[in-house]
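Below is one structure, written out as structure tokens; the observations come after it.
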Amino acid sequence: MKRIDCTRGPTLSRLLGLVSLALAVTCFREGHRLWTGWAGSGVMPGLVGVLYVVLAIGFAVFPAKDTPRAAPLEKTQRRGIVTIVVAFAVYLALIQTLGFLLSTWAFLFVATRVMPGSTTIGAFLWAGALSSGSHLLFRVGLGTALPPGRFGF
Numbered sequence: 001m002k003r004i005d006c007t008r009g010p011t012l013s014r015l016l017g018l019v020s021l022a023l024a025v026t027c028f029r030e031g032h033r034l035w036t037g038w039a040g041s042g043v044m045p046g047l048v049g050v051l052y053v054v055l056a057i058g059f060a061v062f063p064a065k066d067t068p069r070a071a072p073l074e075k076t077q078r079r080g081i082v083t084i085v086v087a088f089a090v091y092l093a094l095i096q097t098l099g100f101l102l103s104t105w106a107f108l109f110v111a112t113r114v115m116p117g118s119t120t121i122g123a124f125l126w127a128g129a130l131s132s133g134s135h136l137l138f139r140v141g142l143g144t145a146l147p148p149g150r151f152g153f
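Right, here's the structure in full:
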């Protein structure tokens with residue numbers, strides 16, 4: 001079996017273009033399944049599908065010349081990625097119990113805190129601002145039903 005050399009830019013661009021087209025088809029199918037009109041929930045997957053088509057065209061028209069081989073991740077980088085993945089799994093498990101606001105705040109705190117140069121207070125304030133802002137945007141602005149959790153907010 002021939003191995004694909006992903007250090008060659010045009011080859012990588014073609015692969016990423018095909019992945020983008022596959023994602024576009026998936027989005028269009030989901031948008032069609034959910035379609036109830038222009039004010040319905042099928043619009044967003046359709047718009048994301050259009051963005052994936054534009055991305056695929058960009059990969060085809062402007063292929064990369066060379067793609068340098070990525071350096072292996074350091075131990076602290078791998079630990080940060082694992083921490084964020086585990087925090088997201090815990091977030092999904094606790095969102096119904098704690099509610100959107102608190103679980104999002106906790107997840108964003110962990111995701112921000114593992115970044116280099118982050119402080120505990122800075123991560124806490126940043127996560128609070130993002131989770132509160134998204135809570136207001138989705139619940140008040142867009143009228144989306146978010147899980148309130150045991151605390152009712």
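Each residue of the sequence shown is one higher than the one before, starting from 1 at the first, in our numbering.
Quick reminder that beta carbons are idealized off the backbone N, C-alpha and C, glycines included.
Model, not experiment: these values are computed from the prediction.
Backbone CA spacing between residue i and residue j [nearest angstrom]
i: residue 130; j: residue 124; result: 10 Å
i: residue 150; j: residue 93; result: 14 Å
i: residue 154; j: residue 118; result: Here the chain has residues from 1 to 153 only, and residue 154 is not among them.
i: residue 39; j: residue 70; result: 43 Å
i: residue 89; j: residue 32; result: 29 Å
i: residue 84; j: residue 42; result: 30 Å
i: residue 116; j: residue 75; result: 13 Å
i: residue 122; j: residue 37; result: 43 Å
Reference residue i, options the options, closest by Cα
i: residue 145; options: 126, 114, 42 and 99; result: 99
i: residue 196; options: 38, 135, 47 and 11; result: What the structure shows of the chain is the stretch from 1 to 153, and residue 196 is not part of that stretch, so it cannot be assessed.
i: residue 132; options: 87, 108 and 44; result: 108
Are there three or more Cβ pairs, one per stretch, closer than 8 Å when the stretch 72 to 84 is compared with the stretch 53 to 64?
-> Judged by Cβ distances under 8 Å, the stretch 72 to 84 makes no contact with the stretch 53 to 64, as fewer than three pairs qualify.
Jot down the residue ranges of each uninterrupted alpha helix (DSSP H) in the stretch 86 to 133, minimum 4 residues, whole runs only, in chain order.
-> The qualifying runs are 100 to 113.
Specify whether the stretch 13 to 31 and the stretch 40 to 58 touch according to this definition: at least 3 beta carbon pairs, one from each stretch, less than 8 Å apart.
-> Yes, they touch.
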